[in-house]
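The structure appears right after this line, and notes come after that.
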Amino acid sequence: MDNKDRNILAILQRQGRIAISELAAKLNMSDTPCLRRVRKLEQSGVISGYAAQIDPKEVGLNVVVYAFVRLKENSDQHAIMFEESVENLEQIMECSVVTGAHDYLLKIVASDLLSYESFVKKSLGSLNCIAGIESTVVLKQNFSRNTLPL
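Letter by letter, the sequence shown follows residues 0 to 149 of numbering that gives the first Met the number 0.
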């Protein structure tokens, strides 16, 4: 990956729907080589997809919760069971394996605290592999970045 590729990525992170002709013009390139580079970045997996960025509050998701999860056993079987289960729960935006007293950190969205409570009791808390869940509610999000520092 060279500087041209990094510049392409920097622009596409902020303007995913930019026309190839406009992208090429910003980079002082002709359309065909620019398109070829974009396709190469897509095919190699550097660009994993394109999506609209939606403000959660505008669609009624007013609560963000970080949940620390501890599994009953630190085994492959429990980890696989947990990871496959939470991947199917739409409210979970992120799932990370972490070090320390907990095994996973989840980022969860909900319309309000009652719906989060219901989600924990009916969905997340019903997974037999979980020993404990500790939740931290976000009171205010100062900023969130969707772009990587290239």
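C-beta: ideal position from N, C-alpha, C; glycine also. As the structure is a prediction and not an experimental result, all values here were calculated from the model.
- prompt: Under 8 Å between the Cβ atoms of Tyr103 and Phe118?
  reply: no
Close-in-space but distant-in-sequence residues of the same chain around Thr98 (CB under 7 Å, 5 per side omitted): none
- request: Excluding the 5 residues preceding and the 5 following Leu40 in the sequence, name in chain order all residues of the same chain whose CB lies nearer than 6 Å to its CB.
  value: Ile46
query: Is it right to say Tyr49 is buried, meaning 16 or more other beta carbons lie within 10 angstroms of its own, or is it exposed?
result: exposed
message: Taking only three categories from DSSP, how would you classify Leu60?
response: coil
- prompt: Quick one: what's Lys25 bridged to in DSSP?
  reply: Lys25 is not bridged to any residue.
- prompt: What number of angstroms, rounded off, separates the C-alpha of Arg38 from the C-alpha of Asp1?
  reply: 15 Å
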